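**Q** Have a look at this one before I ask anything.
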Amino acid sequence: MRTANSSALLLPVFLALSMSGAPAAELPPAERLQERMGTPAATVTVYEPHLSLAGRRVAIEYVGYPAVDVMARLFGKDWHLQATTVELRALDGYVARIDVSRFMKDTAVLAFARKDGAPFTIDNPRQNQTDVPLAPWYLVWDNISNPALLEEGASNWPYQVHEVNLVSLSDRALLPDGLPDDLHEGAELARTYCLQCHAVNGFGGEKHPANLAEIAKAYPEPDFTRWVLEPSSVRAGTSMPPLYRHIPDDERQRIAKTLFDYLRAVPVLR
Ligand code: HEC
210 MRTANSSALL
220 LPVFLALSMS
230 GAPAAELPPA
240 ERLQERMGTP
250 AATVTVYEPH
260 LSLAGRRVAI
270 EYVGYPAVDV
280 MARLFGKDWH
290 LQATTVELRA
300 LDGYVARIDV
310 SRFMKDTAVL
320 AFARKDGAPF
330 TIDNPRQNQT
340 DVPLAPWYLV
350 WDNISNPALL
360 EEGASNWPYQ
370 VHEVNLVSLS
380 DRALLPDGLP
390 DDLHEGAELA
400 RTYCLQCHAV
410 NGFGGEKHPA
420 NLAEIAKAYP
430 EPDFTRWVLE
440 PSSVRAGTSM
450 PPLYRHIPDD
460 ERQRIAKTLF
470 DYLRAVPVLR
């Protein structure tokens, strides 16, 4: 498990081929990246999805570099042809996996500070956390130019990002051979809503170090649904966020059930 210390900041910039041969890079600290970029940092104003809850919109101005420029600098100009997915790993074990095509379509910025000089931290009410450090890097999206992004919540906004990898994902861990087709939607939903923090058969984040395929099987369905929809009603102060509340309630119920059916059926691979 990753811990929230910042030793990664002390590592020199490295560009390496990981064991799978996929390009991987430890992100350098802001000052060092600034030297390598050769361009001044840019500012971007966004509706902060961690704070813009229940229809309220909170605009914050961040300072950073366009993500596509950072990737071109780290991996070469043809970075977007090297893989299908950008994987961003955070110090707290969170892993965001975002299609390369999204970076080509919408504007993302790797931020290292707030423009107004306020501390580079955020409150995350969905996770019952305040003053969470965002450093070293925080991926933010221009959701003012593209309001459709607002609907998605914060799953593609990883903070404490220290590592970027270009990967082409294999579905095998999530969809082992023989899994009935009608469970595939559950795997997709897990990828959208759960696998930033949890893993299924080793595929996913490392924030909660258990195999979701295994632990979910111990839950009766009503307990599972209650946990996924309202974790704080089961364990007060938990840092597991509820399934997005802006999704209509019957759809939230359906998602929880689809996830449950999938997680109960998917074999536990060791
Ligand atoms: C932002 C990170 C995050 C996301 C996203 C997330 N979880 Fe969690 N989850 C956690 C954390 C942290 C815990 C431990 C909570 C605690 O102990 O208070 C947890 C605990 C759990 C547990 C209970 C494990 C146990 O102790 O028995 C289950 C089941 C679970 N999550 C399922 C899910 C499902 C299903 C989804 C997707 C709908 C999901 N989680 C999305 C962070 C997350």
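Numbering-wise, this note's numbering comes out as the position in the sequence shown, counting from 1, plus 209.
Positions of the beta carbon are idealized from the N, C-alpha and C atoms, including for glycine.
No experiment lies behind these values; they were computed from the predicted model shown.
Does the beta-carbon distance from asparagine 333 to threonine 447 come in below 8 Å?
**A** Reading the sequence shown from its first residue, position 124 is the one you call residue 333. Reading the sequence shown from its first residue, position 238 is the one you call residue 447. No.
**Q** Got a sec? Which residues, its chain only, sit under 8 Å from methionine 313 by beta carbon, not counting five neighbours each side?
**A** On the sequence shown, residue 313 is found 104 positions in, with the first residue counted as 1. Within the same chain, methionine 313 has close Cβ partners Val277 and His289.
**Q** Can we say the stretch 341 to 356 touches the stretch 320 to 333, given the rule of at least three CB pairs closer than 8 Å?
**A** The stretch 341 to 356, when compared against the stretch 320 to 333, does touch it at the 8 Å Cβ threshold.
**Q** Could you spell out the range, first to last residue, of the beta strand (DSSP E) harbouring glycine 302?
**A** Here residue 302 is taken as the residue at index 93 of the sequence shown, counted from 1. No beta strand (DSSP E) contains glycine 302, which DSSP labels as neither H nor E.
**Q** Nearer than 7 Å: is that true of the beta carbon of valine 437 relative to any heavy atom of the ligand HEC?
**A** In the sequence shown, counting from the first residue as 1, residue 437 sits at position 228. Correct: valine 437 has its Cβ closer than 7 Å to the ligand HEC.
**Q** By how many angstroms is the C-alpha of alanine 239 removed from the C-alpha of aspartate 470?
**A** Counting from 1 along the sequence shown, the entry for residue 470 is found at position 261. Counting from 1 along the sequence shown, the entry for residue 239 is found at position 30. Each residue's alpha carbon lies about 44 Å from the other.
**Q** Hey, tyrosine 256 and arginine 266 are a contact pair by Cβ (cut 8 Å); roughly how many whole angstroms apart?
**A** In the sequence shown, counting from the first residue as 1, residue 256 sits at position 47. In the sequence shown, counting from the first residue as 1, residue 266 sits at position 57. Rounded, the Cβ-Cβ distance is 5 Å, consistent with contact.
**Q** Can you tell me whether glycine 414 is buried or exposed? The criterion is at least 16 other CB atoms within 10 Å of its CB, across all chains shown.
**A** If you number the sequence shown from 1, residue 414 lands on position 205. With 16 or more Cβ atoms within 10 Å of its Cβ, glycine 414 is classed as buried.
**Q** Going by the DSSP bridge assignment, what does tryptophan 346 pair with across the sheet?
**A** Counted from its first residue, the sequence shown places residue 346 at position 137. Answer is Val370.
**Q** If you reduce the DSSP assignment to three classes, tell me which class glutamine 338 lands in.
**A** One-based indexing of the sequence shown puts residue 338 at position 129. Reduced to three states, the DSSP call for glutamine 338 is strand.
**Q** Would you say the beta carbon of alanine 425 comes nearer than 7 Å to a heavy atom of the ligand HEC?
**A** Along the sequence shown, one-based indexing puts residue 425 at 216. Alanine 425 Cβ: within cutoff of the ligand HEC.
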